[in-house]
Amino acid sequence: MKVFVLSRDGRPLMPTTPCRARHLIKAGEAEVVKRTPFTISMLIETSEGIKNVTLGVDAGSKHVGLSASTEKEELFNAEMTLRDDVPQLVTARRQSRRARRSRLRHRKPRFDNRRRPEGWLTPTMEAKVRAHVNVIDDVCSILPVSKIVVETASFDIQKIKNEDIGGKQYQEGEQLGYANVKAYVKARDGFTCQSCGSHEHLEVHHIIQRRDGGSDRPANLITLCEKCHTDHHSGKRPLDIPFPENRGFKSATDMSTMRWFLLDKLNTAHPDIPIEQTYGYITNWNRNKLKLEKTHVNDAFCIAGNFDIDRTDESFRILKLRCHNRQVNKTNKLKGNRWKANQAPRLIGGFCLNDKVMFKGQLCLIHGRRSSGYFDIRKPDGTRVHPSIHYRNIMLVEHTDTRLYYKEEAVHPSAQG
Numbered sequence: 001m002k003v004f005v006l007s008r009d010g011r012p013l014m015p016t017t018p019c020r021a022r023h024l025i026k027a028g029e030a031e032v033v034k035r036t037p038f039t040i041s042m043l044i045e046t047s048e049g050i051k052n053v054t055l056g057v058d059a060g061s062k063h064v065g066l067s068a069s070t071e072k073e074e075l076f077n078a079e080m081t082l083r084d085d086v087p088q089l090v091t092a093r094r095q096s097r098r099a100r101r102s103r104l105r106h107r108k109p110r111f112d113n114r115r116r117p118e119g120w121l122t123p124t125m126e127a128k129v130r131a132h133v134n135v136i137d138d139v140c141s142i143l144p145v146s147k148i149v150v151e152t153a154s155f156d157i158q159k160i161k162n163e164d165i166g167g168k169q170y171q172e173g174e175q176l177g178y179a180n181v182k183a184y185v186k187a188r189d190g191f192t193c194q195s196c197g198s199h200e201h202l203e204v205h206h207i208i209q210r211r212d213g214g215s216d217r218p219a220n221l222i223t224l225c226e227k228c229h230t231d232h233h234s235g236k237r238p239l240d241i242p243f244p245e246n247r248g249f250k251s252a253t254d255m256s257t258m259r260w261f262l263l264d265k266l267n268t269a270h271p272d273i274p275i276e277q278t279y280g281y282i283t284n285w286n287r288n289k290l291k292l293e294k295t296h297v298n299d300a301f302c303i304a305g306n307f308d309i310d311r312t313d314e315s316f317r318i319l320k321l322r323c324h325n326r327q328v329n330k331t332n333k334l335k336g337n338r339w340k341a342n343q344a345p346r347l348i349g350g351f352c353l354n355d356k357v358m359f360k361g362q363l364c365l366i367h368g369r370r371s372s373g374y375f376d377i378r379k380p381d382g383t384r385v386h387p388s389i390h391y392r393n394i395m396l397v398e399h400t401d402t403r404l405y406y407k408e409e410a411v412h413p414s415a416q417g
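Residue numbers for the sequence shown, in full-length UniProt numbering: 1 to 417.
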């Protein structure tokens, strides 16, 4: 177990033991600045030596693995779960914007404000890249990182779908000869509604909706008539069709898209730290050699490159939370033609949403709040502890942040295995 240390002017130093940190705090030579990860700041000048710390980053579309180590020991490891609600929020924003526009008078469209700047990313990709950079910044703020190694990957989607593809076949895909994807899907389905067998007023339906992570690939599209399509989306008629297994490639596409943007932003954010990249096959070979289980934390440990060392006994789990609900008003009005505020006050009884609190010796999170002061509290894994507890019966441990850290016992086989 490590306690992270900052110098008097805020520079990260090598971590220390809890026993030594306790003596420094009692002697008035240090103060606590952060609870998770537990970090102290020195109040006096210190000349403690700095060792080379390598940070391994297992970049991913859904999870990020982190491991910081020296040549003798592992100092920090964590796994972060990224947000998956960005597509739904973008869809809701688009629907609200269109509804609002329909109520306003029509104006001539202006196209000059629709140009995308250089380096533009979709909202989902931008959120993921920023989450990677921010969590790496967190580690660099508590440890004197001297090198960052990031695993990047470029996936050949055509090769994943067909192992025997090669040469000319890359240019002659399944849609060769068709004007677009819709034309191919309708021809593939014999210009027949796959629900009722009709041949009139055909439309193309997404099996997995775009907002739920679906794509425009032909494997995710099916032909339906207008009536079946409308009835399905209105909830009147669920589709009783045995859909084939739809293996998505969203994660692979995300990583192929974001890898260069991630490296560029890291070089900009940390110009004094060397940024290196490695590849998945190297990580896989090292992990199998060390006989480690396939996890994001173990992958990050192998990426850091320090193998025959002592592993840390604790691991952090990080949840990326939504920063703020920026919708000012609800779509519908209250009585008296008044807009209803879309968000509760930031503080109710001194507590925020997702604050860490203590209840009967258990560490809990505030999952839901009421203006009356009664909260829904749950464990970090989502297990409900109490559905309605008054704020006077809980004790604040730590206010929330956009990255929620909580500690777990590290479980992994020995690297000498």
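No residue lacks a Cβ here, since even glycine has one placed at the ideal position from N, Cα and C.
Inter-residue spacing [alpha-carbon to alpha-carbon] between residue 199 and residue 257: Each residue's Cα considered, the two are about 39 Å apart.
- request: Can you say whether residue 404 is buried or exposed, counting buried as having 16 or more other CB atoms within 10 angstroms of its CB?
  value: So residue 404 ends up on the buried side.
task: At 4 residues or longer, and completely inside the stretch 51-103: list those alpha helix (DSSP H) runs for me, N to C.
output: Whole alpha helix (DSSP H) segments, 4+ residues: 86-103.
- prompt: Going straight from the alpha carbon of residue 136 to that of residue 392, what length do you get?
  reply: If you take the alpha carbons of residue 136 and residue 392, they lie about 37 Å apart.
message: Looking at the secondary structure, which residues open and close the alpha helix (DSSP H) in which residue 251 lies?
response: Taken as a continuous stretch (DSSP letters only), the alpha helix (DSSP H) holding residue 251 covers 250-269.
message: By DSSP's criteria, residue 30 is part of a beta bridge. Which residues make up the other side?
response: Looking at the DSSP assignment, residue 30 forms a beta bridge with 42.
- prompt: Is there contact here, the stretch 152-160 with the stretch 272-284, by at least three beta-carbon pairs under 8 Å?
  reply: Taking a contact to require three or more Cβ pairs closer than 8 Å, the stretch 152-160 and the stretch 272-284 qualify as touching.
query: Three or more beta-carbon pairs under 8 Å between the stretch 49-69 and the stretch 285-296, yes or no?
result: The stretch 49-69, when compared against the stretch 285-296, does touch it at the 8 Å Cβ threshold.
message: Going by C-alpha to C-alpha distance, which of 124, 36, 267 and 376 sits closest to residue 253?
response: Taking only the C-alpha atoms, the option nearest residue 253 is 124.
message: Can you tell me where the beta strand (DSSP E) holding residue 359 begins and where it ends?
response: That run of the beta strand (DSSP E) goes 356-359.
task: Note down, one range per segment and in chain order, each beta strand (DSSP E) of at least 3 residues found wholly within the stretch 377-407.
output: Segments of the beta strand (DSSP E) lying fully in the stretch 377-407: 384-390 and 395-398.
- prompt: What do you get for residue 52, buried or exposed, if any count of 16 or more other CB atoms within 10 angstroms of its CB means buried?
  reply: So residue 52 ends up on the exposed side.
message: Quick check: the Cα distance between residue 374 and residue 387, rounded to an integer number of angstroms?
response: So the two alpha carbons sit approximately 9 Å from each other.
- prompt: What do you get for residue 302, buried or exposed, if any count of 16 or more other CB atoms within 10 angstroms of its CB means buried?
  reply: Taking a 10 Å sphere around the C-beta of residue 302, we find 16 or more other C-beta atoms and assign the residue as buried.
task: Compute the Euclidean distance between the alpha carbons of residue 183 and residue 205, then round it to the nearest angstrom.
output: Cα to Cα, residue 183 sits roughly 13 Å from residue 205.
message: Closest to residue 54 by C-alpha separation, out of 97, 139 and 28, would be which residue?
response: Residue 139 is the option with its Cα nearest to residue 54.
message: Between 380, 360 and 372, which has its C-alpha nearest residue 366's C-alpha?
response: Comparing Cα positions, the closest option is 380.
- request: Could you check how far apart the C-beta atoms of residue 37 and residue 142 are, in whole angstroms? I think they sit under 8 Å.
  value: Going by Cβ atoms, the distance from residue 37 to residue 142 rounds to 6 Å, so yes, they are a contact pair.
- request: Please classify residue 77: is it buried, with 16 or more other beta-carbons within 10 angstroms of its beta-carbon, or exposed?
  value: Residue 77 is classed as buried because its beta carbon has at least 16 other beta carbons within 10 Å across all chains shown.
message: For residue 146, tell me which candidate among 273, 320 and 360 has the shortest Cα-Cα distance.
response: Among 273, 320 and 360, the Cα nearest to that of residue 146 is on 273.
Spatial distance of residue 13 from residue 24 (CA atoms): Distance between the alpha carbons of residue 13 and residue 24 is about 15 Å.
- prompt: DSSP state of residue 175, grouped into three classes?
  reply: Three-state result, residue 175: coil.
- request: With residue 367 as the anchor, note down where its alpha helix (DSSP H) starts and where it stops.
  value: Counting along the chain, residue 367 falls outside any alpha helix (DSSP H), though it belongs to the beta strand (DSSP E) covering 362-369.
field: Spatially closest choice to residue 347 from 226, 50, 370 and 359, by CA coordinates
entry: When each option's Cα is compared against that of residue 347, the closest is 370.
task: Could you check the C-alpha separation between residue 400 and residue 320 for me, to the nearest Å?
output: Put simply, the backbone Cα of residue 400 is about 11 Å away from that of residue 320.
- prompt: Expressed to the nearest angstrom, what Euclidean distance is found between the alpha-carbon atoms of residue 286 and residue 71?
  reply: Cα to Cα, residue 286 sits roughly 16 Å from residue 71.
Selected residue, minimal CA-CA separation from residue 194, among 311, 239 and 305: Measuring from the Cα of residue 194, the nearest candidate turns out to be 239.
- request: Would you kindly report the start and end of the unbroken alpha helix (DSSP H) that includes residue 140?
  value: Looking at the DSSP string, the run of the alpha helix (DSSP H) that includes residue 140 is 123-142.
query: Anyone know if the C-beta pair for residue 186 and residue 202 falls short of 8 Å?
result: Contact check for residue 186 against residue 202 passes: the beta carbons are separated by less than 8 Å.
- prompt: Whose CA, out of 119, 6 and 79, lies closest to the CA of residue 265?
  reply: Of the listed residues, the one whose Cα sits closest to residue 265 is 119.
task: Could you please give the first and the last residue of the uninterrupted alpha helix (DSSP H) stretch that includes residue 303?
output: If you look at residue 303, you'll find it in the alpha helix (DSSP H) that goes 296-304.
query: What residues are listed by DSSP as bridge partners for residue 223?
result: According to DSSP, residue 223 shares a beta bridge with 204.
task: Pull up the distance between the alpha-carbon of residue 456 and that of residue 288, whole angstroms please.
output: As shown, the chain starts at 1 and ends at 417. That puts residue 456 outside it, with no answer to give.
query: With distances taken from CA atoms, which of 18, 121 and 213 is nearest residue 85?
result: Per the Cα distances, 213.
message: Let me check one thing: in DSSP terms, what residues is residue 16 bridge-paired to?
response: 3.
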